[in-house]
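Each residue of the sequence shown is one higher than the last, beginning at 50 in the numbering used here. Virtual Cβ for every residue (Gly too), placed ideally from N, Cα, C.
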Amino acid sequence: MVGLGAMPGYGIQSMLKEGHKHLSGLEEAVLKNIDACRELSAITRTSLGPNGMNKMVINHLDKLFVTNDAATIVNELEVQHPAAKILVLAGRAQQEEIGDGANLTISFAGELLEKAEELIRMGLHPSEIIIGYTKAINKTVEILEDLVEKGSENMDVRNKEEVVLRMRSAVASKQFGQEDILCPLVADACMQVCPKNPANFNVDNVRVAKLLGGGLHNSSVVRGMVLKNDAVGSIKRVEKAKIAVFAGGVDTSATETKGTVLIHSAEQLENYAKTEEAKVEELIKAVADSGAKVIVSGAAVGDMALHFCERYKLMVLKISSKFELRRFCRTTGAIALLKLSQPNVDELGYADSVSVEEIGGVRVTVVKNEEGGNSVATVVLRGSTDSILDDLERAVDDGVNTYKSMCRDSRIIPGAAATEIELARRLKEFSLKETGLDQYAIAKFAESFEMVPRTLAENAGLSAMEIISSLYAEHAGGNTKAGIDLEEGFLL
50 MVGLGAMPGY GIQSMLKEGH KHLSGLEEAV LKNIDACREL SAITRTSLGP NGMNKMVINH
110 LDKLFVTNDA ATIVNELEVQ HPAAKILVLA GRAQQEEIGD GANLTISFAG ELLEKAEELI
170 RMGLHPSEII IGYTKAINKT VEILEDLVEK GSENMDVRNK EEVVLRMRSA VASKQFGQED
230 ILCPLVADAC MQVCPKNPAN FNVDNVRVAK LLGGGLHNSS VVRGMVLKND AVGSIKRVEK
290 AKIAVFAGGV DTSATETKGT VLIHSAEQLE NYAKTEEAKV EELIKAVADS GAKVIVSGAA
350 VGDMALHFCE RYKLMVLKIS SKFELRRFCR TTGAIALLKL SQPNVDELGY ADSVSVEEIG
410 GVRVTVVKNE EGGNSVATVV LRGSTDSILD DLERAVDDGV NTYKSMCRDS RIIPGAAATE
470 IELARRLKEF SLKETGLDQY AIAKFAESFE MVPRTLAENA GLSAMEIISS LYAEHAGGNT
530 KAGIDLEEGF LL
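Right, dumping it as structure tokens:
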């Protein structure tokens with residue numbers, strides 16, 4: 050006889066471990082997933098646009114973030130829900146590919162799912178909604194091609210005025226009111242490192258150095274790489290320098306096991322020390338004989354090694370970060386060697402100048418390489434707190450990524466919610482021509498675009514209903530470029 054309490058479970062209960070939860074059907078699975086995604090998009094939506102609010106996020110390491118950058122917010126939230134995590138991944142992919150628009154991606158996806166919930170409650174099957182949404186996406190791409198500004202594809206990416214004008218919207222969404230200071234700085238930095246073929250522009254060639262103190266108006270652009278540390282020795286400036294990079298440090302190598310040396314006299318002790326000195330001098334002299342004027346160490350610099358570097362007029366830099374060391378190697382064309390030894394000619398890097406300068410009371414090392422072909426520009430940001438500097442850096446990153454997008458495809462479309470309202474209007478007309486059930490899904494897809502003007506208006510403290518109805522009226526009258534002027538509170 051088997052007692053009832055000992056009977057094995059039947060069906061799915063027998064397959065899953067104790068404490069599992071099985072959800073199925075529309076109510077339990079689909080609508081719950083939609084609800085989670087809606088909650089996530091509601092968090093980021095209030096940060097959309099130039100009047101978007103900052104969020105204060107404290108992550109698992111107790112680090113404080115004060116930002117309106119959606120990509121940073123959702124990354125630090127550590128979302129666990131599988132459906133909401135898909136939105137986080139979509140926002141992250143948008144940030145990595147374009148460098149901006151993560152908030153719009155997450156907010157718009159949340160709005161689409163909210164409209165899908167309404168359709169499900171009306172009785173539509175999810176597969177019919179998917180078919181309708183797919184048709185709407187294809188039609189949206191067609192309409193967008195038609196909305197492109199004529200002549201915008203012929204933009205000159207080396208014209209500072211045009212670059213600043215197009216960069217303003219991306220930078221203003223992160224630092225509203227500061228775009229007039231930031232955009233010219235970012236434009237200068239980008240144009241300095243733009244290659245002959247703009248399509249090959251590399252965003253990693255525009256670096257950011259954050260120095261506490263002063264204000265944003267004290268920020269500047271330096272043609273070269275700025276390292277936030279001083280030179281180790283007394284030599285502070287070298288021109289037309291060949292550079293040797295040692296990832297393992299500049300010091301005498303120690304054995305893995307401990308050894309014991311028995312010394313019988315003072316003469317033996319003196320000779321023992323001389324042998325070590327001679328070995329270090331031999332290594333440093335070999336580096337100097339190779340033509341190098343600068344030694345860069347990825348780890349510790351020994352006192353004895355530093356003494357001989359001074360004797361042979363070698364400038365010494367220490368870069369602790371491996372990522373910074375790789376970047377330095379790419380900038381100068383050097384190959385990082387594992388241990389201190391004589392480098393070959395092809396392992397040496399080159400820089401026009403390596404010098405220690407003082408910016409805002411902070412000593413930094415500036416590496417300039419204008420003729421080397423691997424030019425780097427650094428935007429030196431000044432601010433009163435680390436949090437402000439981090440947010441400024443995100444705004445600069447958005448500006449640089451916008452420049453990259455311009456270099457690859459310079460076409461533009463009307464902003465300030467003009468494009469979204471025009472898409473909504475045309476998609477609604479398109480839905481009326483469809484005869485199947487998917488027409489309802491297309492109409493809801495069109496309604497989802499109203500989220501952009503509604504959110505922009507709400508974040509600016511304006512009446513969303515008035516703004517949307519006014520926009521529809523303008524667009525129906527043929528003014529397809531009508532958008533919202535958030536500063537004045539009316540259409541433009």
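Of the residues the options, which one's Cα is nearest the Cα of residue i?
i: N249; options: N450, T95, E469; result: N450
i: L89; options: M64, S156, H109, D149; result: S156
i: S339; options: A349, V345, D395, G382; result: D395
i: E166; options: V190, G181, D84; result: D84
i: D279; options: E319, A385, V403; result: V403
i: K367; options: A348, V79, D447; result: A348
i: A236; options: A258, K164, S269, H130; result: S269
i: G159; options: N320, K493, M514, S519; result: K493
i: A258; options: A91, G409, N528; result: G409
i: I437; options: L265, I344, E407, I312; result: L265
i: E177; options: K289, D205, Y489; result: Y489
i: P392; options: A296, N320, R360; result: A296
i: S433; options: E515, L387, N267; result: N267
i: M500; options: G172, R87, S369, D111; result: R87
i: T380; options: L387, D401, S369; result: D401
i: A465; options: I122, T121, L65, T504; result: T504
i: R217; options: D149, V197, P175, I180; result: D149
i: D205; options: K245, L173, Y182; result: K245
i: D229; options: V445, A513, A522, L520; result: V445
i: A91; options: E163, S369, D195, K66; result: E163
Would you mind stating whether residue i and residue j have Cβ atoms separated by less than 8 Å?
i: A426; j: Q241; result: yes
i: L441; j: L389; result: no
i: I462; j: L193; result: yes
i: R460; j: S201; result: yes
i: L363; j: A383; result: no
i: Q224; j: L214; result: no
i: D447; j: A219; result: yes
i: N208; j: S424; result: no
i: T116; j: R443; result: yes
i: V79; j: I135; result: no
i: F357; j: E330; result: yes
i: V281; j: V365; result: yes
i: A49; j: V299; result: Since the first residue of the chain shown is 50 and the last is 541, residue 49 is not available in this structure.
i: K453; j: V252; result: yes
i: G544; j: R412; result: Any question about residue 544 goes unanswered here, given that the chain covers just 50 to 541.
i: D439; j: K184; result: no
i: L161; j: S497; result: yes
i: A119; j: A151; result: yes
i: Y361; j: K334; result: yes
i: L113; j: I107; result: yes
i: F372; j: V345; result: no
Tell me the DSSP bridge mates of residue i?
i: I292; result: V343, G398
i: K259; result: L430
i: E483; result: In the DSSP output, where bridge partners are listed per residue, E483 has none listed.
i: L544; result: With the chain represented from 50 up to 541, any question about residue 544 goes unanswered, as that position is not in the structure.
i: S404; result: R286, V415
i: K104; result: T116
i: M364; result: V343
i: S512; result: Answer by DSSP bridge pairing: none, since S512 is not bridged.
i: L386; result: F295
i: S269; result: V429
i: V350; result: V299
Less than 8 Å between the CB atoms is what I'm expecting for residue i and residue j, so what's the real figure, rounded?
i: I284; j: Y399; result: No, I284 and Y399 are not in contact; Cβ-Cβ is about 18 Å, not under 8 Å.
i: T154; j: A139; result: 5 Å
i: I517; j: P502; result: 5 Å
i: A467; j: A531; result: 6 Å
i: C456; j: P247; result: 4 Å
i: V429; j: L260; result: 6 Å
i: A495; j: K477; result: 5 Å
i: A385; j: V287; result: Going by Cβ atoms, the distance from A385 to V287 rounds to 19 Å, so no, they are not a contact pair.
i: A290; j: V350; result: Not confirmed; about 17 Å, so no contact.
**Prompt:** At a cut of 8 Å, does the segment 87–106 reach the segment 503–512 through at least three beta carbon pairs?
**Reply:** yes
**Touching by the beta-carbon criterion (3+ pairs, under 8 Å), the segment 407–418 and the segment 260–280** = yes
**Request:** Answer yes if the segment 470–479 comes into contact with the segment 177–194, meaning at least three C-beta pairs across the two stretches below 8 Å, and no otherwise.
**Result:** yes
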